[in-house]
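Enquirer: So the numbering used here is basically just the index in the sequence shown, starting at one, shifted up by 6.
All residues carry an ideal CB built from backbone N, CA and C; glycine is no exception.
Below: one structure in structure tokens.
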Amino acid sequence: MASLPFSSSALVSRSSLRRGTSHSVEPCFRIPARSGVRCNLVEPLKFNNGKPCIPVLNDQTMSSFLTSRYAESLTNKNDTRLRIFSGTANPSLSQEIACYMGLELGKIKIKRFADGEIYVQLQESVRGCDVYLVQPTCPPANENLMELLIMIDACRRASAKNITAVIPYFGYARADRKTQGRESIAAKLVANLITEAGANRVLACDLHSGQSMGYFDIPVDHVYGQPVILDYLASKTICSDDLVVVSPDVGGVARARAFAKKLSDAPLAIVDKRRHGHNVAEVMNLIGDVKGKVAVMVDDMIDTAGTIAKGAELLHQEGAREVYACTTHAVFSPPAIERLSSGLFQEVIITNTIPVMEQNYFPQLTVLSVANLLGETIWRVHDDCSSYSSFPNIQTGEGDHTRARIPALLWGTRLGLRLRSERIEIEGGAPNTPDMHHQQIKRSQIRGIYNVQLVGMDYEICQLLLPENLYRDENGGQP
Numbered sequence: 007m008a009s010l011p012f013s014s015s016a017l018v019s020r021s022s023l024r025r026g027t028s029h030s031v032e033p034c035f036r037i038p039a040r041s042g043v044r045c046n047l048v049e050p051l052k053f054n055n056g057k058p059c060i061p062v063l064n065d066q067t068m069s070s071f072l073t074s075r076y077a078e079s080l081t082n083k084n085d086t087r088l089r090i091f092s093g094t095a096n097p098s099l100s101q102e103i104a105c106y107m108g109l110e111l112g113k114i115k116i117k118r119f120a121d122g123e124i125y126v127q128l129q130e131s132v133r134g135c136d137v138y139l140v141q142p143t144c145p146p147a148n149e150n151l152m153e154l155l156i157m158i159d160a161c162r163r164a165s166a167k168n169i170t171a172v173i174p175y176f177g178y179a180r181a182d183r184k185t186q187g188r189e190s191i192a193a194k195l196v197a198n199l200i201t202e203a204g205a206n207r208v209l210a211c212d213l214h215s216g217q218s219m220g221y222f223d224i225p226v227d228h229v230y231g232q233p234v235i236l237d238y239l240a241s242k243t244i245c246s247d248d249l250v251v252v253s254p255d256v257g258g259v260a261r262a263r264a265f266a267k268k269l270s271d272a273p274l275a276i277v278d279k280r281r282h283g284h285n286v287a288e289v290m291n292l293i294g295d296v297k298g299k300v301a302v303m304v305d306d307m308i309d310t311a312g313t314i315a316k317g318a319e320l321l322h323q324e325g326a327r328e329v330y331a332c333t334t335h336a337v338f339s340p341p342a343i344e345r346l347s348s349g350l351f352q353e354v355i356i357t358n359t360i361p362v363m364e365q366n367y368f369p370q371l372t373v374l375s376v377a378n379l380l381g382e383t384i385w386r387v388h389d390d391c392s393s394y395s396s397f398p399n400i401q402t403g404e405g406d407h408t409r410a411r412i413p414a415l416l417w418g419t420r421l422g423l424r425l426r427s428e429r430i431e432i433e434g435g436a437p438n439t440p441d442m443h444h445q446q447i448k449r450s451q452i453r454g455i456y457n458v459q460l461v462g463m464d465y466e467i468c469q470l471l472l473p474e475n476l477y478r479d480e481n482g483g484q485p
């Protein structure tokens, strides 16, 4: 029985690559997170009616040499000094982040007293550790914010070296300026509270406005959830000629323009609206042509869905064939669910920065995960690497768009990949080809040829299929 023509020496752990450890061989691919698809040895060939079957990859456990390499990487002092704790606002996202990073959530006790006061106690030592606290300040915003502040204070008093508040959804971000006299700027106040509580850094996702970063007197890492949605849309069979990206208001034009640029430079339309009060919007006019088009409405959040629902009504009146709603934060305050499920939208695409209650699910709703995005950013912050260079700015299009380069393990191997960058370079060839050759293939082309799975902004080798001419039946013939 033939075995795979590669050895464990060709595999280099992700942690060692981050710290620049030298190896005698060029690293081939990164070990996937424990929650991801496992890259394992192919099982022995099985035959059905004299024909060999494609080997099936075991998704239950890692190979022993992968596990040992992974365990060795976690013994490094830097990794053992990293702790992740979850608040009660979105524990499922926290667990996904920890799984992506190959770590376990720290033990923490959080409870409410009879009078509603919050009690927090760390159940393990964090002295000298880099601590990451995952807690979106989503509804109920005041309780979740207070819980985050008390968690930060508990870590500070427990002698944590660095405390990073990971805030997938930053509540009060819309109160970032005065629109009338004698108003407060609550976003600045909340930033001050987080800083004074003892946080050394903030990691936020899709802030309502970029200037909110300036309200903090500590470093802020700002990542965008839109690339996760872009990858999902890229997997759908929507012709680029039929696509138009729509901004639901003038303030979101920059976001929509960058989004359209990523979707084959699709045309842009703008919905002009006039507000008559908080959470009340009136659609006035449409700038752009949507007749016969598939309209993709892009916004950073959906609260009561008044803006986006009235915009969808206008798009249908103007002749749009289908309307998609895409947003990072699903606040879903009443009556958002009724408006979104009324038949105006072909699909409503959101992320899990805010947990969606089971009763709020409806058939058109699609929830994508930002766990890989946040987990990778945490690793890079922890290792003092640049997160900006790897995750391009969705608003400006800036950042590093360099192709990821993954050498094939076998001649003629087909690879299933999870993508990080817009383009990817595959090295490979037929089994009898003397020299490797390069192919630069667009994402849409890779998806059909190389069985690509599009998940967030991360790539992993998640499937490894030997070409048919490497298999032989029991008599030594070709299958």
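According to the Cβ coordinates, are V337 and I355 closer than 9 Å?
Expert: Contact: no.
Enquirer: Just to confirm, are A210 and P174 a CB contact at a threshold of 9 Å?
Expert: It is a contact, given that the beta carbons lie within the stated cut-off.
Enquirer: Could you tell me which of M107, G258 and K117 sits nearest to T333, measuring between CA atoms?
Expert: Taking only the C-alpha atoms, the option nearest T333 is G258.
Enquirer: What is the residue span of the alpha helix (DSSP H) that H388 lies within?
Expert: It spans A377 to H388 - the alpha helix (DSSP H) in which H388 sits, taken as one unbroken run.
Enquirer: Classify M290 as helix, strand or coil using the three-state DSSP reduction.
Expert: Correct three-state label for M290: strand.
Enquirer: For the region 168-184 and the region 140-157, state whether three or more C-beta atom pairs, one from each stretch, are separated by less than 8 Å.
Expert: Touching, yes.
Enquirer: Whole-angstrom Cβ separation of V208 and A160, contact assumed at under 8 Å?
Expert: With a Cβ gap of about 17 Å, V208 and A160 do not count as contacting.
Enquirer: Tell me the DSSP secondary structure of L269 in three-state form.
Expert: Three-state result, L269: coil.
Enquirer: What does the Cβ neighbour count give for K297, buried or exposed, with the cut at 16 atoms within 10 Å?
Expert: K297 should be labelled exposed.
Enquirer: Note the first and the last residue of the continuous beta strand (DSSP E) segment covering L374.
Expert: First-last of the beta strand (DSSP E) with L374: L371 to L374.
Enquirer: Taking just the CA atoms, how far does L236 sit from K268?
Expert: Those two C-alpha atoms are separated by around 8 Å.
Enquirer: Could you give the distance in angstroms between the alpha-carbon of S98 and the alpha-carbon of K113?
Expert: Between S98 and K113, the C-alpha separation is close to 15 Å.
Enquirer: Expressed to the nearest angstrom, what Euclidean distance is found between the alpha-carbon atoms of A342 and N366?
Expert: Whole-angstrom Cα-Cα distance: 9 Å.
Enquirer: Under 8 Å: do the region 185-195 and the region 151-167 share three or more Cβ pairs, one atom per stretch?
Expert: Short answer: they don't touch.
Enquirer: Is N206 helix, strand or coil when you go by DSSP?
Expert: Note: N206 maps to coil in three-state DSSP.
Enquirer: Does the separation of the CB atoms of A104 and I116 fall below 9 Å?
Expert: Not in contact: A104 and I116 (Cβ atoms no closer than 9 Å).
Enquirer: Can you tell which of A240, H214 and E324 has its C-alpha closest to the C-alpha of D182?
Expert: Among A240, H214 and E324, the Cα nearest to that of D182 belongs to H214.
Enquirer: Do you know offhand how far T383's Cα is from L374's?
Expert: Going from the Cα of T383 to the Cα of L374 covers about 17 Å.
Enquirer: Which of the three DSSP states, helix, strand or coil, is assigned to T359?
Expert: Note: T359 maps to coil in three-state DSSP.
Enquirer: Quick one: Cα of D344 to Cα of Y230, how far?
Expert: Looking at the sequence shown, residue 344 is not Asp but Glu. C-alpha separation (whole angstroms): 28 Å.
Enquirer: Give me the Cα-Cα distance between K194 and R87, rounded to the nearest whole angstrom.
Expert: Cα to Cα, K194 sits roughly 31 Å from R87.
Enquirer: Could you check what DSSP says for C105 in three-state terms: helix, strand or coil?
Expert: DSSP places C105 in helix when its eight states are reduced to three.
Enquirer: Just tell me which of V304, N96 and I200 has its CA closest to the CA of Y221.
Expert: Closest option to Y221, Cα to Cα, is I200.
Enquirer: What span of residues does the alpha helix (DSSP H) with V234 cover, start to end?
Expert: Counting along the chain, the alpha helix (DSSP H) containing V234 begins and ends at Q232 to A240.
Enquirer: Pull up the CB-CB distance for K279 and E288, whole angstroms please, since I reckon it's below 8 Å.
Expert: Confirmed, Cβ separation roughly 6 Å.
Enquirer: At a cut-off of 8 Å, would you count V354 as near the ligand ZN, judging by its Cβ distance to the nearest heavy atom?
Expert: As presented, the structure is devoid of all ligands, the ligand ZN included, so that no description of it is given.
Enquirer: Express the C-alpha separation of C135 and D306 in angstroms, rounding to a whole number.
Expert: About 33 Å.
Enquirer: For a quick check, are the C-beta atoms of V329 and L239 less than 9 Å apart?
Expert: Cβ atoms of V329 and L239: not closer than 9 Å.
Enquirer: Quick one: what's got a C-beta closer than 7 Å to I293's C-beta in the same chain, skipping five residues either side?
Expert: Excluding positions up to five away in sequence, the list reads A275, I276 and D278.
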